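**Q**
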Ligand code: FUC
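Numbering (the numbering used here), first residue to last: 14 to 794.
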């Protein structure tokens, strides 16, 4: 450990101890079983997910596999769409928005008009005769181990179930115990909502096979059929350990007189990648199950916990408990608005990290609108990937909360989109490079969908590119930058070099269009958000080319174009304009606040560098209000933190942490409510809380990142400690504060970069050695 100035003395005084929550780990717990899906507890290994209801007599475990989607490999481009691009622009310049939207709906949209949906897999049903009247009931989800437990007493004996989704063993494991010798008897069956399916029983294993159901409608509004579902699936429920008697019927397994039973669920589909579904789910299940042969429950559980903790334990948080912290989770949520229990904030934070670890592992699909948890054949917004805010919000916590590798699935999706999006760039715009619009699915659709008034939005791919760049900013991985990120950024930028058009009345400006400001105002030329995103894409591409020492001319070209992109405008209410025309309605409470993208997650607006624009953002936020859907409230937590207003940021967090109602809120299992359930709000809240305590999106005059410590600490979080936060430039941070003021700061330099540390009006420059930790007192000494 290195000492700067008085750091050594102060280190002793303030004692750099490790956060140790000991037995007081984070858990969600309840004294009743779940009646609704949003009361059940989620587990997942990135690929398999399940929701556990915890009923003593009739347990229901609803499960998913992330690649079970409707449809089949499909390109969505509309042949010849580009022939209408100029006409669309002319109509919009001429004020004929309706005509433009109608023409675009006929000639410019994806085929079919919508994308396909993520599907549920099945249910495990366990029936326990005689377990109707129970006492001392408890169910919980232990975030420290990623294990869900149900325990109760029935018929004079105690019963316990443990369920988890193992990544190393690629299966869902269910362990059942009876305190009384031989007291465990139950039947197990599998069901599925897919009608093309059947069940067989072989060697005491239930086997469910089928083909995915079709999309809910046969054809789109123009009569284009939705691609038929071709993905096949198989799940197996096997008995791994059992000390009772086993028998079976045609569709169920029956166990009698056991004390301990371990069941294992393996599930797979034929999906290989977005262009190939020739996999063999039976073979995959055989492989998964053969890995488990001969392993004891304790061994499987131990390797699950070790694997899970290798992610989860990278960050520890402690906001201090209160006497209400020990109450059931749903009761704590019901009164949070009043009592502001800081420990519930910390629980929500770690739960968000848990959900990301459970739904997004290297090699899996990215977390969709519901992570991997979905029980409906026709889920809200198809449970796919909306990329005009939602999918990106899912990944806001990844780098900053030390889960960089959990972002890999999103980065891999962008790589796929750069291929499918190149076809769309050609077919819809006759341009090189690649583009993606406001949604994508497992088939990596990139063309505009749903309706031209919001589907033609060109910045989806460009926004996603920010995540590739951030992966480099946090990791400093030049090989990744060179081989993966840069080629994709470059081709995304190339598209916009051809796409941006001069404004007829301000020929000095280049603008985006036809496009929209998600998802209001219809098809327009020149929405502010597009310009902010495109500037950001260009800046990142230019910086990447510079770091790699390549493409100097291309980068110079981008610099020239970037300067001409229409700048942010302040309107007559003092607001940041959503469009080039000053037409914002101060009474508009719309959930999207897209034009504040430059404030967050962008970095072109900040109270210190662009104070007028920052003030205009405040005006806009005050117009939009403090409500909105779950993700909208989550985004506003981040906005207010970036405006350095911790109390307003916390107000939005409180508005997010209310029982789910008419807009926003949390369900009893702390899933975020759009409503209905949408996981982005969970992730956006984690990011927002992080932005209150650490920001690193600006650079100092030397080109080093500024680590802004406690920039927006709310007065309700008077004391706390977080270790394991990550900052751009490759730093790992531990912050401890008391009575609203910094107590101690530790900075681990993973790459040996320099940085500026800023706290409470003071700042110092820090040159670091790789691998060293630097300790500071509140005076930054
Ligand atoms: C966008 C949002 C909706 C919802 C959907 C999944 O369309 O406007 O609120 O989040 O995505």
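Glycine included, C-beta positions come from ideal geometry on N, C-alpha and C.
Quick caveat, the model's predicted, so the values are computed rather than measured.
#1: Assign residue 592 to buried or exposed, taking buried as 16 or more other Cβ atoms, counted over all protein chains shown, within 10 Å of its Cβ.
#2: Measure the CB-CB distance between residue 434 and residue 404 and report whether it falls below 9 Å.
#3: For residue 610, which residues of its own chain have a beta-carbon under 7 Å away from its beta-carbon, when the five flanking residues on both sides are left out?
#4: Are residue 409 and residue 696 touching if we call contact CB-CB under 9 Å?
#5: Taking contact to mean 3 or more Cβ pairs, one atom from each stretch, closer than 8 Å, check whether the stretch 123–134 and the stretch 38–53 are in contact.
#6: For the beta strand (DSSP E) containing residue 219, name the first residue and the last one.
#7: Cutting at 6 Å between CB atoms, please list the residues of its own chain near residue 449, excluding the five before and the five after it.
#8: Can you tell me where the alpha helix (DSSP H) with residue 4 in it begins and where it stops?
#9: Does the beta carbon of residue 604 fall short of 8 Å from some heavy atom of ligand 1?
#10: Tell me, which residues are paired with residue 162 by DSSP?
#11: Kindly confirm or deny that the stretch 350–363 and the stretch 729–738 touch, where touching means at least three C-beta pairs closer than 8 Å.
#12: Give a yes or no on whether the C-beta atoms belonging to residue 81 and residue 67 are separated by under 9 Å.
#13: Determine, using beta carbons only, whether residue 538 and residue 105 come nearer to each other than 9 Å.
#14: Inspect the beta-carbon positions of residue 270 and residue 168 and report whether they are closer than 9 Å.
#15: Buried or exposed: residue 137, going by 16 or more other Cβ atoms within 10 Å of its Cβ?
#16: Quick one: using the 10 Å Cβ neighbour count with 16 as the cut-off for buried, is residue 259 buried or exposed?
#17: Per DSSP, what are the beta-bridge partners of residue 282 in this structure?
#18: Expressed to the nearest angstrom, what Euclidean distance is found between the alpha-carbon atoms of residue 618 and residue 313?
#19: For the beta strand (DSSP E) containing residue 720, name the first residue and the last one.
#20: Span of the beta strand (DSSP E) holding residue 735?
#21: Within the present structure, is the beta-carbon of residue 50 separated from the nearest heavy atom of ligand 1 by less than 8 Å?
#22: Quickly, what does DSSP pair residue 768 with across the bridge? List them, please.
#23: Straight-line CA distance for residue 783 to residue 747?
#24: Can you list the alpha helix (DSSP H) stretches of 4 or more residues lying completely in the stretch 248–328, in chain order?
#25: Between residue 591 and ligand 1, is there a pair consisting of the residue's CB and a ligand heavy atom that are separated by less than 8 Å?
#26: Should residue 276 be listed as close to ligand 1, given that the test is whether its C-beta is under 8 Å from any heavy atom?
#27: Return helix, strand or coil for residue 26, following the three-state DSSP convention.
#28: Any heavy atom of ligand 1 closer than 8 Å to the CB of residue 379?
#29: Just to confirm my understanding: we take residue 688, look at its own chain, exclude 5 residues before and 5 after, and list those with CB closer than 6 Å. What are they?
#30: Just curious, the beta strand (DSSP E) that residue 484 is in, first and last residue?
#31: Under 8 Å: does the beta carbon of residue 456 sit that close to some heavy atom of ligand 1?
#32: Could you tell me whether any non-hydrogen atom of ligand 1 is closer than 8 Å to the CB of residue 403?
#33: Got a sec? Which residues, its chain only, sit under 6 Å from residue 200 by beta carbon, not counting five neighbours each side?
**A** Straight from the coordinates:
#1: buried
#2: no
#3: 542, 545, 546
#4: yes
#5: no
#6: 218–224
#7: 430, 434, 459, 473, 474
#8: Beyond the ends of the chain as shown, which are 14 and 794, falls residue 4; an answer cannot be given.
#9: yes
#10: 153, 175
#11: yes
#12: no
#13: yes
#14: no
#15: buried
#16: exposed
#17: 246
#18: 49 Å
#19: 718–722
#20: 733–740
#21: no
#22: 718, 779
#23: 17 Å
#24: 294–305, 310–325
#25: no
#26: no
#27: Low local confidence applies: a pLDDT of 30 at residue 26 is under 50, so the model's placement there is unreliable, and no value is given.
#28: no
#29: 673
#30: Taken as a continuous stretch (DSSP letters only), residue 484 belongs to no beta strand (DSSP E), being part of the alpha helix (DSSP H) at 473–488.
#31: no
#32: yes
#33: 140, 265, 267
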